[in-house]
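In short: position in the sequence shown from 1, add 65, done, that's the numbering used here. Just so it is clear, CB atoms sit at the ideal spot from N, CA and C, and this is done for glycine as well.
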Amino acid sequence: MGKKRERVETGFVMFDIIYQDGTRSSHRKIPASQIGGLDGDSNAKSLIEEQDRKISDMSGVRRGPIKTIVRSQGQ
66 MGKKRERVET GFVMFDIIYQ DGTRSSHRKI PASQIGGLDG DSNAKSLIEE QDRKISDMSG
126 VRRGPIKTIV RSQGQ
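Okay, structure coming up:
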């Protein structure tokens with residue numbers, strides 16, 4: 066009988082972000098493998114800030130600081 070392979074997580078977790086200036090960004094994708102399960106959302110802020118920096122570098126438009134991060138409904 067063959068060896069059972071370990072399952073690899075390939076999905077995404079969606080977050081809604083509210084910035085300190087009141088703007089909102091809905092359904093931001095973060096790879097589930099980088100989150101660390103349902104209780105591992107603490108590092109999501111740094112991952113989203115990294116995404117914001119990359120977007121800012123490409124567009125020239127800077128985002129303000131993040132006020133709150135919550136999982137999108139249905140996640």
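According to the neighbour-count rule (16 or more other Cβ atoms, all chains shown, within 10 Å of its Cβ), is residue i buried or exposed?
i    : result
D122 : exposed
R127 : exposed
V135 : exposed
D86  : exposed
I need the DSSP call for residue i, collapsed to helix, strand or coil.
i    : result
K119 : helix
K94  : strand
So what does residue i bridge to, in DSSP terms?
i    : result
I134 : I82
R89  : I83
With residue i and residue j assumed to form a contact (beta carbons below 8 Å), what rounded beta-carbon distance in angstroms separates them?
i    : j    : result
A109 : I120 : With 8 Å as the limit, A109 and I120 do not qualify as a contact, their Cβ atoms being about 16 Å apart.
S124 : H92  : Their Cβ separation, rounded to whole angstroms, is 19 Å, which puts S124 and H92 out of contact at 8 Å.
I95  : R89  : 17 Å between Cβ atoms; not a contact.
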